[in-house]
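Following: one structure in structure tokens, then a few remarks.
Numbering (full-length UniProt numbering), first residue to last: 1 to 432.
Set out below in structure tokens:
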């Protein structure tokens, strides 16, 4: 049983999942950092919904069955991997605007009432397709963090590209060695900063004139986030309320501390543990600012939980009403700041000229990462039999006119491999 199974909590989680599925369907916000760069491909007409659905499923399903359920079963508290990765998928899969919240709401109701049955269904196949799909996601964030460097090579040449790569690598390793900050978060931040610096220096060198009217990738996409701010604020309010009533925790750094707080009977202990969880969540949020903010201004797709500061706000507020207000305000402030950043960056012609290079670089690194992740997943499922099946699905697609776009073929191949291996196992032609 999850948390305190009250009517209010069931309605809240159902509404939360319905709404986050709607945000995903509309391309306003998703939880998975690796899915966010792919969303513009669909929004701007370069990808089919079916292809986006395959990518979303492949990226997220392994974490739902592993990280999501693994943190919830021992604590009795829901988490974003369990709820929001699923609503990412459901929102993308839904073919109609009204269908997405229905699918999300059903998932929310099921998770808070029937998690044990869901776990058995997800993990009951003889060949572990679901668990193995986690390998598909492994390279995604690391690969996405490379896109600024690829864009620098494309726009400014090999000399600046190699220089930027060396600087980024050194800073990344210093951060990884001497701090607890997520290294990919700093990596993408440093890369984007270097791209901006090179663009500004290029403008000064060439005495380029600026025009606020010209479009650029940063101002266009931050404007899209600002346009959706009301919807994002509603999502932030719902998440903060879920945190406040004790049915939801934002990450692994707080979920176990909150579980102890829920079991404690001494109010002083409860307050101390809640504050401890809030501080841990706040510090984690600081570490992820570069990754989430940079991804947002380059894709136009926000995180479902924003920069994640709505989590500690929800924990600390005295009641759900204040939590809802606080969560909405935090999201509004975050989006407003992103808008300022996007507008400032738009004043430089070389940054505006980077738009196509950034889009192309994102596509290149995501194709690369999804293919590597998919091959890793097929090997994890079925060794070199899995590799054989997955590789041939990829090559058949390549040699027959690329009927499935390059970015989607990796996840499609991994999913198909899992299905084929299970069929072979059932008929006695495959053994693990």
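Glycine included, every Cβ here is placed at the ideal spot set by N, Cα and C.
The model shown is predicted, which means the values in this text are computed figures rather than measured ones.
- Between the alpha carbons of residue 275 and residue 316 lies a gap of roughly 7 Å.
- Residue 199 and residue 399 have their C-alpha atoms roughly 39 Å apart.
- Only residues of its own chain outside the window of five on either side were considered, and among them 81, 85, 134, 137 have a CB closer than 7 Å to the CB of residue 63, listed in chain order.
- For residue 405, the closest of 21, 7, 52, 36 by C-alpha to C-alpha distance is 52.
- In chain order, 56, 57, 60 place their CB closer than 6 Å to the CB of residue 89, counting only its own chain and leaving out the 5 sequence neighbours on each side.
- In the three-state scheme derived from DSSP, where H, G and I count as helix and E and B as strand, residue 218 is classed as helix.
- Remark: C-beta atoms of residue 414 and residue 385 do not approach each other more closely than 8 Å.
- If you check the CB distance, residue 257 and residue 280 come in under 8 Å.
- Looking at the DSSP output, residue 30 bridges to 303.
- Under DSSP, residue 248 shares a beta bridge with 78.
- By the criterion of a C-beta distance shorter than 7 Å, residue 152 is surrounded in its chain by 160, 161, 164, 194, 195, 198, once the five residues flanking it on both sides are discounted.
- At the C-beta level, residue 239 and residue 314 come within 8 Å of one another.
- Uninterrupted alpha helix (DSSP H) stretches at least 4 residues long and entirely within the region 98-151 occur at 99-113, 115-123, 129-132, 134-137, 140-144, given in chain order.
- Residue 297 holds the alpha-carbon nearest to the alpha-carbon of residue 192 among 297, 140, 69, 130.
- Per DSSP, residue 203 is one residue of the alpha helix (DSSP H) stretching across 183-205.
- Residue nearest to residue 410 within the set 73, 376, 125, 229 is 376 (criterion: CA-CA distance).
- With 16 or more other CB atoms across the displayed protein chains lying within 10 angstroms of its CB, residue 36 is buried.
- The DSSP-derived three-state label of residue 427 is coil.
- Fewer than three Cβ pairs drawn from the region 292-307 and the region 364-372 lie within less than 8 Å of each other, which leaves the two stretches out of contact.
- In the displayed model, residue 284 falls within a helix according to three-state DSSP.
- Residue environment: residue 65 is assigned as buried (16 or more neighbouring CB atoms within 10 Å of its CB, all protein chains considered).
- DSSP, read as helix, strand or coil, puts residue 318 in coil.
- Assignment of residue 39 by DSSP, reduced to helix, strand and coil, places it in the helix class.
- Remark: C-beta atoms of residue 154 and residue 361 approach each other more closely than 8 Å.
- By the neighbour-count criterion, in which 16 or more other beta carbons inside 10 Å mark a residue as buried, residue 111 falls on the buried side.
- In terms of CA proximity to residue 294, 33 leads the group 427, 373, 33, 204.
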